[in-house]
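Okay, so the sequence shown: first residue is 25 according to my numbering, each after it adds one.
Notes to accompany the following structure.
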Amino acid sequence: MRCGGCGSKVGGSILSKVMARLRKHKVGEIKDNPHVLVGLDSPDDCAILKPPSKPGEVLVQTVDFFRSFISDPYVFGMVAANHALSDCHAMGAKTVSALAIAVVPYSSPPVMEELLYRIMAGANKVLEESGCTLVGGHTCEGPEL
25 MRCGGCGSKV
35 GGSILSKVMA
45 RLRKHKVGEI
55 KDNPHVLVGL
65 DSPDDCAILK
75 PPSKPGEVLV
85 QTVDFFRSFI
95 SDPYVFGMVA
105 ANHALSDCHA
115 MGAKTVSALA
125 IAVVPYSSPP
135 VMEELLYRIM
145 AGANKVLEES
155 GCTLVGGHTC
165 EGPEL
């Protein structure tokens, strides 16, 4: 029986390996973003962002989540990131930062690592192209992608 504690998070060792692979392969490379004070370069329980400082600027936030409807985790990561960004773009907002929510099917640690890596690599490609920085998120083990 799988542990459901802490929201059924994907194990820390798997998550650390995925983040190291993303950095090594420069996927969604973490770039200097003046809005991000604490993000994935120094991961913690929360991201810390600078609030808008110019008159008339506001912070626009949204969250999106849906089950995969395709079998390719890389493409699904791209679709998920585009879907989330589109809500901000529809309101004319400049995308600055993003949080990820990823459910990875129960499996062996190497399989879970590879699935999570592919999801995040696809999402980070889209985020980087949009000038958006991934600053954190939450992972979970579940019955399906």
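Quick reminder that beta carbons are idealized off the backbone N, C-alpha and C, glycines included.
The structure presented is a predicted model; accordingly, all values stated were derived computationally and were not measured.
Could you check the C-alpha separation between residue i and residue j for me, to the nearest Å?
i	j	result
GLY35	VAL128	11 Å
ALA105	HIS113	12 Å
PRO167	PRO79	46 Å
ASP69	VAL62	10 Å
ARG91	TYR130	15 Å
SER132	GLN85	35 Å
Is it right to say residue i is buried, meaning 16 or more other beta carbons lie within 10 angstroms of its own, or is it exposed?
i	result
PHE100	buried
PRO97	buried
ALA145	buried
VAL60	buried
Tell me, please, whether the CB atom of residue i is closer than 7 Å to any CB atom in chain D?
i	result
PRO79	The structure shown has no chain D; it contains just one protein chain.
Can you tell which of the options has its C-alpha closest to the C-alpha of residue i?
i	options	result
CYS164	MET115, LEU73, PHE89	PHE89
LEU158	ILE38, ARG47, LYS41	ARG47
In the DSSP output, which residue or residues are listed as bridge partners for residue i?
i	result
GLY161	ALA124
VAL60	LEU73
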